[in-house]
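Going line by line, the protein sequences match chains Y and X. Letter by letter, the first sequence follows residues 1 to 111 in the numbering used here. Letter by letter, the second sequence follows residues 1001 to 1112 in the numbering used here. For glycine and all other residues, C-beta sits at the position ideal for the given N, C-alpha and C. These numbers were taken from a predicted model, which means no experiment stands behind them. Input: a single structure, listed below in structure tokens.
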Amino acid sequence: NAGVTQTPKFQVLKTGQSMTLQCAQDMNHNSMYWYRQDPGMGLRLIYYSASEGTTDKGEVPNGYNVSRLNKREFSLRLESAAPSQTSVYFCASSRLTDTQYFGPGTRLTVL
Amino acid sequence: GQQLNQSPQSMFIQEGEDVSMNCTSSSIFNTWLWYKQDPGEGPVLLIALYKAGELTSNGRLTAQFGITRKDSFLNISASIPSDVGIYFCAGQLQGGADGLTFGKGTHLIIQP
């Protein structure tokens, strides 16, 4: 039982490049989330998926897209990376909509 | 978006001391959660609170859900070196499916 896993752990991109961050959970949770963490800003919600087949915007969705591939997997895509997207990205999942469990994070640098 | 005010921002304490931190909000939350984050890791859930007035312990950690439903505190008794890290409070609005609102964290530093 690995919980929530994320790949890659580290990534460096040039401005304008695209990439997809992968997240998977093996806890049979219904809801999945993507957050970004910046110094002094805490964790901010980018997108969430309350159940398989649905996705909704969070607090800071601009510049991102998501796909809930199936119940286990929820990916985050940056179509054209910008330096402002340099951050640590965390995926989380929850059975309902409250207690969330986090992955180890992806550290992204956009040059 | 909703705001959670977490204080203090940082704490420098001696090993063995007790620690207290809190979160307040102008909004009502139906769930309060406390997480700890170690360097290079994701947040790990410490305590979850689901009812106003609820007091819950997890080893040396104790957290309470304020009766106004707008605040929560976390206490750590007899701190040890492995307590070092960043502690986050988080709140969930009733029926909300849009994730958690996080405080900005309390950075705990323990001096031996």
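Local Cβ density within 10 Å of Val1044 (chain X), reported as buried at 16 or more and exposed below that: As a working note, residue 1044 (chain X) is residue 44 in the second sequence. Exposed, since its Cβ has fewer than 16 Cβ neighbours within 10 Å.
Proximity to Glu52 (chain Y) [Cα-Cα], best of Y:Ser31, Y:Phe90 and Y:Thr86: On the first sequence, residue 52 (chain Y) is found 52 positions in, with the first residue counted as 1. It is Y:Ser31.
First through last residue of the beta strand (DSSP E) which encompasses Gly103 (chain Y): Counted from its first residue, the first sequence places residue 103 (chain Y) at position 103. Element bounds for Gly103 (chain Y): n/a, residue is neither H nor E.
Under 7 Å by beta carbon: chain Y residues contacting Gly1105 (chain X): Locating residue 1105 (chain X) in the second sequence gives position 105, where the first residue counts as 1. Within chain Y, the residues near Gly1105 (chain X) are Gly42.
Where Pro1043 (chain X) meets chain Y, residues with beta-carbon distance less than 7 Å: As a first step, residue 1043 (chain X) is located in the second sequence; it is residue number 43 there, counting from the start. Within 7 Å Cβ-Cβ: Phe102.
Interface flag, Gly1066 (chain X) vs chain Y, CB-CB below 8 Å: Numbered from 1 along the second sequence, position 66 holds the residue referred to as residue 1066 (chain X). Taking Cβ atoms only, chain Y never reaches closer than 8 Å to Gly1066 (chain X), which makes this a no.
For Asp1038 (chain X) and Val1084 (chain X), the rounded distance between their alpha carbons: Working through the second sequence from its first residue, we reach residue 1084 (chain X) at position 84. Working through the second sequence from its first residue, we reach residue 1038 (chain X) at position 38. Val1084 (chain X) and Asp1038 (chain X): Cα-Cα distance of roughly 8 Å.
Cβ pair Gly1091 (chain X), Ser1020 (chain X) closer than 8 Å: Here residue 1091 (chain X) is taken as the residue at index 91 of the second sequence, counted from 1. Here residue 1020 (chain X) is taken as the residue at index 20 of the second sequence, counted from 1. No; because the gap between Cβ atoms is not below 8 Å, this pair is not in contact.
Beta-carbon proximity list for Lys57 (chain Y), same chain, < 7 Å, skipping 5 on both sides: As a position in the first sequence, residue 57 (chain Y) is number 57, starting the count at 1. Here the set comprises Tyr47.
Cβ neighbours of Leu96 (chain Y) in the same chain (closer than 8 Å, five flanking residues each side left out): Taking the first sequence and counting its residues from 1, one reaches residue 96 (chain Y) at position 96. Asn30 and Ser31, listed in sequence order.
Residue-chain proximity (Ser98 (chain Y), chain X), Cβ-Cβ < 8 Å: Translated into the one-based positions of the first sequence, residue 98 (chain Y) becomes position 98. First, the residue type needs correcting, since residue 98 (chain Y) is Asp and not Ser in the sequence shown. Cβ-Cβ to chain X under 8 Å: yes for Asp98 (chain Y).
Gly1105 (chain X) to Ser75 (chain Y) span [Cα, whole Å]: If you number the second sequence from 1, residue 1105 (chain X) lands on position 105. If you number the first sequence from 1, residue 75 (chain Y) lands on position 75. Distance between the alpha carbons of Gly1105 (chain X) and Ser75 (chain Y) is about 26 Å.
Bounding residues of the beta strand (DSSP E) (the contiguous stretch that carries Ala1048 (chain X)): Within the second sequence, the letter at position 48 stands for residue 1048 (chain X). Val1044 to Leu1049 is the span of the beta strand (DSSP E), which, as asked, contains Ala1048 (chain X).
CB contact below 8 Å: Phe90 (chain Y) versus chain X: Residue mapping note: residue 90 (chain Y) aligns to position 90 of the first sequence, counting from 1. True, the Cβ-Cβ gap to chain X drops below 8 Å.
Residues that DSSP places opposite Met41 (chain Y) in a beta bridge: Walking along the first sequence from the start, residue 41 (chain Y) turns up at place 41. For Met41 (chain Y), which the question treats as bridged, DSSP gives no partner whatsoever.
Where Asp1071 (chain X) falls: helix, strand or coil (DSSP): Counted from its first residue, the second sequence places residue 1071 (chain X) at position 71. Note: Asp1071 (chain X) maps to strand in three-state DSSP.
Alpha-carbon spacing of Phe1102 (chain X) relative to Gly42 (chain Y), whole angstroms: To locate residue 1102 (chain X), count along the second sequence from 1; it is residue 102. To locate residue 42 (chain Y), count along the first sequence from 1; it is residue 42. Approximately 6 Å between the Cα atoms of the pair.
Helix, strand or coil at Ser1027 (chain X) according to DSSP, with G and I counted as helix: Taking the second sequence and counting its residues from 1, one reaches residue 1027 (chain X) at position 27. Note: Ser1027 (chain X) maps to coil in three-state DSSP.
Gly1042 (chain X) classed as buried or exposed, judged by whether at least 16 other C-beta atoms fall within 10 angstroms: Sequence index remark: in the second sequence, residue 1042 (chain X) carries index 42 (1-based). Gly1042 (chain X) comes out buried.
Close-in-space but distant-in-sequence residues of the same chain around Gln100 (chain Y) (CB under 6 Å, 5 per side omitted): As a working mapping, residue 100 (chain Y) is identified with position 100 in the first sequence. Closer than 6 Å at the Cβ level, and outside the excluded window around Gln100 (chain Y), lie Ala92 and Ser94.
Contact between the region 9-26 of chain Y and the region 104-111 of chain Y (3+ Cβ pairs under 8 Å): yes
Buried or exposed (CB count within 10 angstroms, at least 16 for buried), Arg36 (chain Y): For the purposes of this step, residue 36 (chain Y) is taken as the residue at position 36 of the first sequence. Counting Cβ neighbours within 10 Å, Arg36 (chain Y) comes out buried, since at least 16 surround it.
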